[in-house]
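Notes for the one structure printed next.
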Amino acid sequence: MRKNKSERTSASQSPEAPLVEAAASGAEVVEVNLAYIGPDYSHGIKIHGEPQLVRPREMSAAEVAQFLERHPNRSNWWMPEKKYEP
100 MRKNKSERTS
110 ASQSPEAPLV
120 EAAASGAEVV
130 EVNLAYIGPD
140 YSHGIKIHGE
150 PQLVRPREMS
160 AAEVAQFLER
170 HPNRSNWWMP
180 EKKYEP
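Quick note on the numbering used here: the sequence shown kicks off at 100 and runs consecutively.
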């Protein structure tokens, strides 16, 4: 059975999409510490639409949320930190 276009689009949605949607909607979200796993840089990263170099490793949680509102395609630069309990 073939899927129609809307089913294919929603099924192919990235795993980061809920993170981006929650940040963009302003919905109450349980606080999660995010670890930066994006591209390595020494001075910063130039992103189209940003007037200055961005330094994602140094962003606060609020700055990350604002950044993801402007650049949802960069959501794969962060992932939730895992807590290891002995």
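A virtual CB, placed ideally from N, CA and C, is assigned to each residue, including glycine.
Burial state of residue i (16 or more Cβ within 10 Å)
i	result
Val153	buried
Pro138	exposed
Arg173	buried
CA-to-CA distance, residue j to residue i, given in whole angstroms
i	j	result
Phe166	Lys181	22 Å
Glu162	Pro179	16 Å
Ala134	Trp177	5 Å
Asn175	Ile136	8 Å
Nearest neighbour of residue i, chosen from the options [CA to CA]
i	options	result
His142	Val131, Tyr135, Ala134 and Pro155	Pro155
Asn132	His147, Ile144, Lys145 and Ala160	Ala160
For residue j and residue i, believed in contact at Cβ under 8 Å, the rounded distance
i	j	result
His170	Ile144	That pair is no contact at about 11 Å.
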